[in-house]
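Here's the structure, in structure tokens; my notes come after.
Number of protein chains: 4
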Amino acid sequence: MTTLNVEVRLDYDAVEPTALLLQIEAAETEGQRMVSNELSAPGTDEMRRVPAEDGIGERLWLHCEDAFRCTYRARIEVTRDVPPLEGLAETPLHALPGEAVHYLLPSRFCPSGRFEAFVEDRFGALSGGAKIAAMRDWVEASFSYVPGASNADTDAVDTFLSRRGICRDYAHVLVSLARAATIPARMVAVYSAAVTPPDFHAVAEVYLGGAWHMVDPTGMSDPAELAVIGVGRDATDIAFLTSFAPIALKYQSVAVSRG
Amino acid sequence: MTTLNVEVRLDYDAVEPTALLLQIEAAETEGQRMVSNELSAPGTDEMRRVPAEDGIGERLWLHCEDAFRCTYRARIEVTRDVPPLEGLAETPLHALPGEAVHYLLPSRFCPSGRFEAFVEDRFGALSGGAKIAAMRDWVEASFSYVPGASNADTDAVDTFLSRRGICRDYAHVLVSLARAATIPARMVAVYSAAVTPPDFHAVAEVYLGGAWHMVDPTGMSDPAELAVIGVGRDATDIAFLTSFAPIALKYQSVAVSRG
Amino acid sequence: MTTLNVEVRLDYDAVEPTALLLQIEAAETEGQRMVSNELSAPGTDEMRRVPAEDGIGERLWLHCEDAFRCTYRARIEVTRDVPPLEGLAETPLHALPGEAVHYLLPSRFCPSGRFEAFVEDRFGALSGGAKIAAMRDWVEASFSYVPGASNADTDAVDTFLSRRGICRDYAHVLVSLARAATIPARMVAVYSAAVTPPDFHAVAEVYLGGAWHMVDPTGMSDPAELAVIGVGRDATDIAFLTSFAPIALKYQSVAVSRG
Amino acid sequence: MTTLNVEVRLDYDAVEPTALLLQIEAAETEGQRMVSNELSAPGTDEMRRVPAEDGIGERLWLHCEDAFRCTYRARIEVTRDVPPLEGLAETPLHALPGEAVHYLLPSRFCPSGRFEAFVEDRFGALSGGAKIAAMRDWVEASFSYVPGASNADTDAVDTFLSRRGICRDYAHVLVSLARAATIPARMVAVYSAAVTPPDFHAVAEVYLGGAWHMVDPTGMSDPAELAVIGVGRDATDIAFLTSFAPIALKYQSVAVSRG
Chain A
1 MTTLNVEVRL DYDAVEPTAL LLQIEAAETE GQRMVSNELS APGTDEMRRV PAEDGIGERL
61 WLHCEDAFRC TYRARIEVTR DVPPLEGLAE TPLHALPGEA VHYLLPSRFC PSGRFEAFVE
121 DRFGALSGGA KIAAMRDWVE ASFSYVPGAS NADTDAVDTF LSRRGICRDY AHVLVSLARA
181 ATIPARMVAV YSAAVTPPDF HAVAEVYLGG AWHMVDPTGM SDPAELAVIG VGRDATDIAF
241 LTSFAPIALK YQSVAVSRG
Chain B
1 MTTLNVEVRL DYDAVEPTAL LLQIEAAETE GQRMVSNELS APGTDEMRRV PAEDGIGERL
61 WLHCEDAFRC TYRARIEVTR DVPPLEGLAE TPLHALPGEA VHYLLPSRFC PSGRFEAFVE
121 DRFGALSGGA KIAAMRDWVE ASFSYVPGAS NADTDAVDTF LSRRGICRDY AHVLVSLARA
181 ATIPARMVAV YSAAVTPPDF HAVAEVYLGG AWHMVDPTGM SDPAELAVIG VGRDATDIAF
241 LTSFAPIALK YQSVAVSRG
Chain C
1 MTTLNVEVRL DYDAVEPTAL LLQIEAAETE GQRMVSNELS APGTDEMRRV PAEDGIGERL
61 WLHCEDAFRC TYRARIEVTR DVPPLEGLAE TPLHALPGEA VHYLLPSRFC PSGRFEAFVE
121 DRFGALSGGA KIAAMRDWVE ASFSYVPGAS NADTDAVDTF LSRRGICRDY AHVLVSLARA
181 ATIPARMVAV YSAAVTPPDF HAVAEVYLGG AWHMVDPTGM SDPAELAVIG VGRDATDIAF
241 LTSFAPIALK YQSVAVSRG
Chain D
1 MTTLNVEVRL DYDAVEPTAL LLQIEAAETE GQRMVSNELS APGTDEMRRV PAEDGIGERL
61 WLHCEDAFRC TYRARIEVTR DVPPLEGLAE TPLHALPGEA VHYLLPSRFC PSGRFEAFVE
121 DRFGALSGGA KIAAMRDWVE ASFSYVPGAS NADTDAVDTF LSRRGICRDY AHVLVSLARA
181 ATIPARMVAV YSAAVTPPDF HAVAEVYLGG AWHMVDPTGM SDPAELAVIG VGRDATDIAF
241 LTSFAPIALK YQSVAVSRG
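Here it is as structure tokens:
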């Protein structure tokens with residue numbers, strides 16, 4: 001078991017009143033337990049909570065007049081059991097739960113159909129968890145972690161070619177390769193104490209052996225020590241903050257520590 | 001009330017055994033009632049049914065050895081109440097049901113963020129149902145319905161520029177314009193007796209006044225007379241047949257009549 | 001006649017020795033006369049000059065060890081005769097000079113084929129110079145000049161949708177619209193005293209009435225008062241500085257004054 | 001020396017009178033000699049010949065009323081000297097002829113900048129002709145020649161991912177890889193007796209050791225036995241027929257034999 005202490009501070013200015021959609025709280029979900037969870041956004045009206053994608057975590061609607069300042073503090077016990085990836089078998093397609101089906105399909109940042117030839121050439125001899133492990137190792141060995149090398153429009157094809165990016169880019173590539181091999185894969189927003197520099201983190205998650213399993217293609221974090229915030233098809237679905245009018249970042253920090 | 005009689009025939013050859021995902025049955029959903037519903041696929045093993053996107057309709061996993069032949073016959077009473085679009089108000093964002101939130105976001109074929117400038121310029125003075133009606137009328141007036149002008153990779157930007165396409169292309173554009181105006185919008189696969197030439201049909205659906213409302217930007221069909229098959233973010237999610245190995249079309253027909 | 005005084009300063013650091021391709025000198029070409037022209041790049045070896053695209057202007061190969069500092073000063077008399085655009089007829093295609101032919105075709109940043117439907121809808125009733133003038137006026141009226149809204153990968157479709165950009169983006173759109181109307185169009189790098197903030201400037205040039213004619217869709221400059229540096233298919237061909245290894249900008253200024 | 005006999009037949013219908021740009025005649029250029037050359041297009045007015053890209057070959061403007069039928073027969077002696085690729089050194093950039101410079105840059109179908117990481121990873125240890133030979137061998141070994149797998153919009157990134165295509169796609173990839181390694185590369189339209197099925201053929205050409213050298217990444221043809229039609233940045237520039245209004249193919253054949 002790992003206990004994570006999370007502290008996030010966000011400080012933005014808005015030029016006009018706007019709705020904000022916030023998703024930064026660790027989720028009440030399998031494999032983790034909230035010891036404490038405290039979100040404070042003075043001067044911002046909390047409008048309503050709604051379940052996030054696949055019912056994992058919540059999104060919070062806020063109304064921001066001219067500034068958004070928010071502090072989030074949580075203590076989370078992670079008790080996730082992480083079996084060795086290599087031993088996991090592919091789940092027959094017809095045995096997939098209904099909500100996993102669309103994770104076989106291409107999405108905005110993960111145009112998985114375009115990777116089928118590469119996946120067949122490079123990983124065609126493998127299957128199940130061994131295939132995913134080989135994909136993860138290939139991504140980690142082939143790509144360089146370079147903050148600033150990508151932007152909010154970068155998709156998995158861009159990253160596959162440029163071989164540079166950050167956690168979301170690595171995860172987009174692994175998600176795309178997995179789907180190209182007909183293995184359901186989704187993105188997960190997480191907190192990790194192992195990320196340098198400290199920031200929101202994102203990993204891939206694949207459906208094998210009848211369950212979802214996180215995989216970090218950057219090699220930075222251990223899935224046994226991650227606190228899940230939310231899931232989705234790709235970065236589109238797991239944004240920590242979505243604004244419906246322009247806002248300007250003034251300050252942002254994410255600190256995660258063990259113990 | 002309208003009663004629709006549907007008959008679909010599909011005939012495909014497979015070069016190797018493959019899983020198929022079929023979604024052609026009209027859904028048991030609000031506004032329509034199945035009088036009869038009969039799907040027959042001799043020689044193909046039916047593996048399992050799972051709920052489709054948003055729990056509307058079902059997807060059916062099939063195992064196909066070398067050929068897939070399927071007949072679907074249904075009789076559906078459509079009792080949908082269709083209020084005038086112009087009278088519908090925008091639902092405040094924070095009042096949206098959780099499952100509508102991702103229909104505000106860009107998706108693979110509907111990169112809605114790219115249309116914000118155009119939507120603001122052209123439709124910025126309108127709101128709610130009047131805005132959607134103006135978008136629908138603009139699409140219908142500006143575009144030409146040309147089978148063969150688009151393909152499975154065509155997205156809303158392609159269609160916005162080429163101004164030619166089929167129902168899915170029209171719907172992708174309207175869905176993109178609506179989302180660019182911060183109005184939730186999704187794709188709906190439907191049966192319609194008014195489509196020429198007869199085929200599977202697709203329309204847009206927007207969330208206004210606390211409920212989903214179908215809109216057909218091709219102008220061919222009346223939402224009061226449509227039988228819903230399924231919904232999703234864009235064409236990715238509502239494919240009537242997805243094969244996980246190459247298959248070859250031999251014959252396909254869709255017939256829909258009233259009465 | 002207008003006399004322009006140009007002063008450019010460039011200051012870059014290189015992390016490793018690299019070849020540089022520089023194109024900042026005003027061209028010895030029709031409609032302008034060099035009164036003086038002085039390029040100085042202390043510490044950088046000048047390797048060779050080669051004619052630039054269409055024989056207009058020159059590119060200069062330099063070898064840079066670790067830093068590139070360059071000053072360019074010129075005085076140019078512009079005697080260009082600029083007939084009213086509206087009076088210019090389209091040149092029959094078969095009467096085009098051979099070197100104008102590829103300016104009818106799509107290029108990297110000007111995928112003109114994608115604009116044919118829009119051009120036909122919006123400008124189909126016009127021809128020749130009147131058509132180009134209408135396109136220029138539409139671009140100027142519809143787009144906002146926003147430094148930072150685009151980057152080196154932005155193409156004419158991106159700008160057509162976002163409606164924001166800088167001179168190169170405006171020119172890419174006008175070049176694309178012209179080519180979509182089967183009127184040869186190219187990009188021109190120029191010096192202008194009318195650009196705010198002062199910078200390298202780019203305009204479109206169309207082939208009408210048997211000659212090339214510059215058109216500035218930003219509305220900032222008058223073609224009669226521009227000093228041409230070079231031409232090409234799009235921004236790819238008229239870069240003022242191309243490095244074959246990473247270099248870092250330290251300082252850059254462009255000053256142009258009349259008299 | 002090889003002698004090639006070429007016979008081409010084209011038969012198209014036009015729905016309205018249109019200008020056509022035809023480039024199917026073998027070029028009067030170094031390494032090949034026209035023994036005979038006869039182009040006949042009864043019922044189509046020949047308007048004018050202009051030099052094609054880089055002055056290699058000619059483009060022919062035609063006026064077509066309602067149908068275009070054309071026969072081309074030529075006999076060409078190919079005397080091209082083809083040195084072993086592996087022995088060719090890179091030409092220093094500053095020693096490139098001016099007209100080779102833009103062949104270092106990305107173009108519409110050859111977005112070479114996107115391949116730099118892959119080229120450095122895979123071929124970074126090699127240089128000059130040995131590097132090009134390794135790229136050619138990699139393309140030939142990795143890709144499958146599949147007519148119909150690509151279309152007129154397919155670029156080198158598409159093909160790099162799908163690993164399937166025809167001669168133009170293979171050439172686009174090799175041209176892109178070469179440019180990503182700062183070696184000038186262009187497309188060449190050629191006639192070859194070795195192409196199956198018989199058709200117009202396209203290969204890459206790289207500038208090494210002070211001259212252009214053709215390379216066929218499909219492995220089908222020997223550069224010593226090719227008759228050059230024309231050159232350009234990519235498929236955009238070497239189309240055998242460009243129509244400025246819709247035309248419909250009725251029949252087309254290309255036959256090339258030795259002796």
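Chains as they are written, first to last, in UniProt numbering: chain A, 1 to 259; chain B, 1 to 259; chain C, 1 to 259; chain D, 1 to 259.
Where a beta carbon is used, it is the ideal one built from N, C-alpha and C, also for glycine.
- Keeping to the same chain, check which residues put their C-beta closer than 6 Å to that of Ala-89/D; ignore five residues upstream and five downstream. Gly-128 and Gly-209
- At a cut of 8 Å, does the segment 103-117 of chain A reach the segment 165-180 of chain A through at least three beta carbon pairs? yes
- So, are the CB atoms of Arg-33/B and Thr-71/B less than 8 Å apart? no
- Item | Status (buried if at least 16 other CB within 10 Å, exposed otherwise) for Arg-179/A | Around the beta carbon of Arg-179/A, 16 or more other beta carbons lie within 10 angstroms, which makes this residue buried.
- Which listed residue (Asp-222/B, Gly-232/B and Phe-143/B) has its alpha carbon closest to that of Val-157/B: Phe-143/B
- Task: For Ser-107/A, go through chain B and note every residue whose CB falls closer than 9 Å to its CB, in chain order.
- Result: The answer, in chain order, is Ser-107, Arg-108, Arg-233 and Thr-236.
- Message: On the criterion of 16 or more Cβ atoms from any shown chain inside 10 Å, does Gly-259/D qualify as buried, or is it exposed?
- Response: exposed
- Measure the C-alpha to C-alpha separation of Val-231/A and Val-256/A and round it to an integer number of angstroms. 19 Å
- What's the call for Arg-206/A, buried or exposed, on a 16-neighbour Cβ count within 10 Å? The sequence shown places Val at residue 206/A, rather than the Arg named in the question. The residue is buried, with at least 16 neighbouring Cβ atoms inside 10 Å.
- Message: Using a Cβ-Cβ cutoff of less than 8 Å, which residues in the same chain neighbour Leu-62/B once the five nearest sequence positions on both sides are dropped?
- Response: Contacts found: Ala-19, Leu-20, Leu-21, Leu-22, Ala-41, Thr-44, Asp-45, Glu-46, Met-47 and Phe-68.
- Message: Ignoring anything shorter than 4 residues, give me the alpha helix (DSSP H) runs that lie fully in the segment 131-184 of chain C, in order along the chain.
- Response: 156-162 and 167-180
- Item | Check whether Phe-240/B and Ala-193/B have beta carbons under 8 Å apart | Not in contact: Phe-240/B and Ala-193/B (Cβ atoms no closer than 8 Å).
- Under a Cβ-count criterion, where at least 16 other Cβ atoms within 10 Å of its own Cβ denotes burial, should Met-1/B be classed as buried or exposed? exposed
- Task: Report the three-state DSSP secondary structure of Ile-76/B (helix, strand or coil).
- Result: strand
- Message: What are the residues in the UniProt domain "Transglutaminase-like" (159-219) of chain C lying within 9 Å of chain B by C-beta distance?
- Response: Phe-160, Leu-161, Ser-162, Arg-163 and Arg-164
- Task: Would you please verify whether the beta carbon of Glu-65/D is less than 8 Å from any beta carbon of chain C?
- Result: By this cut-off, Glu-65/D is not an interface position.
- Burial state of Pro-217/B, where buried means 16 or more other Cβ atoms lie within 10 Å: buried
- Whose C-beta lies closer than 7 Å to the C-beta of Leu-249/B among residues of the same chain, with five residues either side of it excluded? Excluding sequence neighbours, Leu-249/B sits near Tyr-12.
- What's the C-alpha gap between Gly-219/D and Glu-65/C? 41 Å
- How far does the alpha helix (DSSP H) with Glu-46/B in it reach, from first residue to last? Per DSSP, Glu-46/B belongs to no alpha helix (DSSP H); it is in the beta strand (DSSP E), 45-51.
- Item | Residue span of the beta strand (DSSP E) that contains Ala-235/D, given as start and end | Neither: Ala-235/D is in no beta strand (DSSP E) and is coded neither H nor E.
- Ordered along the chain, which non-local residues of its own chain (more than five positions away) have a Cβ less than 7 Å from that of Lys-131/D? Take Lys-131/D, set aside five residues on each side of it, and the residues of its chain with a beta-carbon closer than 7 Å to its own are Phe-123 and Ala-181, in chain order.
- Query: From which residue to which residue does the alpha helix (DSSP H) around Arg-9/A run?
  - Reply: Here Arg-9/A belongs to no alpha helix (DSSP H); instead the beta strand (DSSP E) covers 2-14.
- Message: If you reduce the DSSP assignment to three classes, tell me which class Glu-30/D lands in.
- Response: coil
- Does any residue of chain A bring its CB to less than 8 Å from the CB of Phe-115/B? no
- Could you tell me which residues DSSP puts in a beta bridge with Gly-230/B? According to the DSSP secondary-structure assignment, Gly-230/B is paired through a beta bridge with Ala-189/B.
- Euclidean distance between Cα positions of Ala-235/D and Asp-222/C: In a straight line, the C-alpha of Ala-235/D is about 36 Å away from that of Asp-222/C.
- Would you report the Cα separation of Ala-227/C and Pro-83/D, rounded to the nearest angstrom? Near 45 Å, if we compare the C-alpha coordinates of Pro-83/D and Ala-227/C.
- Query: Should Ala-185/D be labelled buried (16 or more other beta-carbon atoms within 10 Å of its own) or exposed?
  - Reply: buried
- Task: Using a Cβ-Cβ cut-off of 8 Å, state whether Phe-157/D counts as contacting chain A.
- Result: Correcting the residue type first, residue 157/D is Val in the shown sequence and not Phe. So, interface residue.
- Message: Per DSSP, what are the beta-bridge partners of Gln-23/A in this structure?
- Response: Answer is none; Gln-23/A lacks a bridge partner.
- Message: Given a cut-off of 8 Å on the beta-carbon distance, is the pair residue 260/A and Arg-163/D in contact?
- Response: Since the first residue shown for chain A is 1 and the last is 259, residue 260/A is missing from the structure and cannot be characterised.
- Query: Can you tell which of Ala-95/A, Ala-152/A and Val-195/A has its C-alpha closest to the C-alpha of Ser-253/A?
  - Reply: Nearest Cα to Ser-253/A within the set Ala-95/A, Ala-152/A and Val-195/A: Val-195/A.
- Query: Listing by chain order, which chain B residues have their CB less than 9 Å from the CB of Asp-121/C?
  - Reply: Ser-142 and Arg-163
- Message: For a cutoff of 8 Å on Cβ pairs, would you count Pro-97/A as touching chain B?
- Response: yes
- Relative to the C-alpha of Pro-97/D, which residue among Ala-74/C, Ile-76/C, Ala-95/C and Ala-52/C is closest? Ala-52/C
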